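Visitor: Dropping the structure in here first, questions after.
Numbering (my numbering), first residue to last: 542 to 734.
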């Protein structure tokens with residue numbers, strides 16, 4: 542399959558759907574539980590499928606986010622930021638954080654590049670990645686635990702260079718819409734009758 546992103550053609554090689562964002566991954570302001578956050582992202586158990594997607598042990602891969610996707614994600618999660626359903630430690634800060642984060646995203650370029658590196662020092666069958674790049678830190682900052690997931694698309698550009706396209710999505714426990722939004726829509730329908 543071919544796709545065009547920012548006027549550049551890519552061949553889609555594979556997709557890793559629904560990497561769930563855990564509470565341990567997000568920044569302190571977004572946490573539900575305690576702890577400082579590990580900054581490493583769990584991408585799956587070590588197996589042939591994961592290795593085929595990301596690379597051999599110790600991989601370092603070029604990645605990117607798109608500004609338009611981040612803005613869309615913020616719109617998808619606005620209701621949770623404004624009327625949180627989850628028991629966040631800093632629940633009262635979330636409405637202001639949404640506005641600050643939206644303004645921050647607006648200042649970014651359309652394509653936001655970064656690199657993730659496998660964390661080989663971690664013993665066991667689980668594969669984690671980490672990065673010190675700003676875009677990766679942005680994923681930690683925007684993501685709300687348990688309802689945010691990442692889709693990663695493995696792409697090949699016209700010059701034969703591999704790159705990984707990261708996208709954030711919200712899933713409210715099986716629903717795309719936030720419970721508050723659904724409740725408001727129900728009230729509007731009832732008021733029409």
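Note that the Cβ used here is the ideal one computed from N, Cα and C, for glycine as well. All values derive from a computational prediction rather than experimental measurement.
To which residues of the same chain is residue 521 closer than 8 Å at the C-beta, ignoring the five residues directly before and after it?
Guide: Residue 521 is absent from the model: the chain starts at 542 and stops at 734.
Visitor: Would you be able to state if there are at least three C-beta pairs under 8 Å between the region 665 to 675 and the region 624 to 634?
Guide: Contact between the region 624 to 634 and the region 665 to 675 is absent, because fewer than three Cβ pairs lie under 8 Å.
Visitor: Which ranges would you report for the beta strand (DSSP E) in the region 655 to 715 if only whole runs of at least 3 residues count?
Guide: Runs found: 667 to 671, 689 to 698 and 703 to 711.
Visitor: Taking only runs that begin and end inside the region 567 to 616, name each unbroken beta strand (DSSP E) of 3 or more residues, in chain order.
Guide: 582 to 586 and 601 to 607
Visitor: I'd like the span of the beta strand (DSSP E) that includes residue 554, first residue to last.
Guide: For the purposes of this step, residue 554 is taken as residue 13 along the chain shown, with counting starting at 1. Here the beta strand (DSSP E) through residue 554 covers 549 to 561.
Visitor: To which residues does DSSP link residue 543 through a beta bridge?
Guide: Start at 1 with the first residue of the chain shown, and residue 543 comes out as number 2. Paired residue(s): 552.
Visitor: Using only alpha-carbon positions, find the residue among 712, 682, 599 and 681 that is nearest to residue 660.
Guide: Indexing the chain shown from 1 puts residue 660 at position 119. Per the Cα distances, 599.
Visitor: Quick one: Cα of residue 617 to Cα of residue 710, how far?
Guide: Taking the first residue of the chain shown as 1, we reach residue 617 at position 76. Taking the first residue of the chain shown as 1, we reach residue 710 at position 169. Between residue 617 and residue 710, the C-alpha separation is close to 8 Å.
Visitor: In whole angstroms, give me the CA-to-CA distance for residue 655 and residue 683.
Guide: Indexing the chain shown from 1 puts residue 655 at position 114. Indexing the chain shown from 1 puts residue 683 at position 142. Whole-angstrom Cα-Cα distance: 16 Å.
Visitor: From which residue to which residue does the alpha helix (DSSP H) around residue 645 run?
Guide: Position 104 of the chain shown, counting from 1, holds the residue named residue 645. Residue 645 -> alpha helix (DSSP H) spans 635 to 647.
Visitor: Does the distance from the CB of residue 707 to the CB of residue 652 come in under 8 Å?
Guide: If you number the chain shown from 1, residue 707 lands on position 166. If you number the chain shown from 1, residue 652 lands on position 111. Contact flag unset, no.
Visitor: Thinking C-alpha only, which one of 572, 579, 588 and 564 is nearest residue 673?
Guide: Locating residue 673 in the chain shown gives position 132, counting from the first residue. When C-alpha distances from residue 673 are compared across 572, 579, 588 and 564, the shortest belongs to 579.
Visitor: Using a Cβ-Cβ cut-off of 7 Å (strictly less than) and excluding sequence neighbours within five positions of residue 628, which residues of its own chain qualify?
Guide: Translated into the one-based positions of the chain shown, residue 628 becomes position 87. Within the same chain, residue 628 has close Cβ partners 573.
Visitor: Under the DSSP definition of a beta bridge, which residues are partnered with residue 623?
Guide: Stepping through the chain shown from its first residue, residue 623 is reached at position 82. Paired residues: none, contrary to the question.
Visitor: Between the Cα of residue 670 and those of 587, 551 and 638, spot the shortest distance and give me the residue it belongs to.
Guide: To locate residue 670, count along the chain shown from 1; it is residue 129. Checking every option, the nearest Cα to that of residue 670 belongs to 587.
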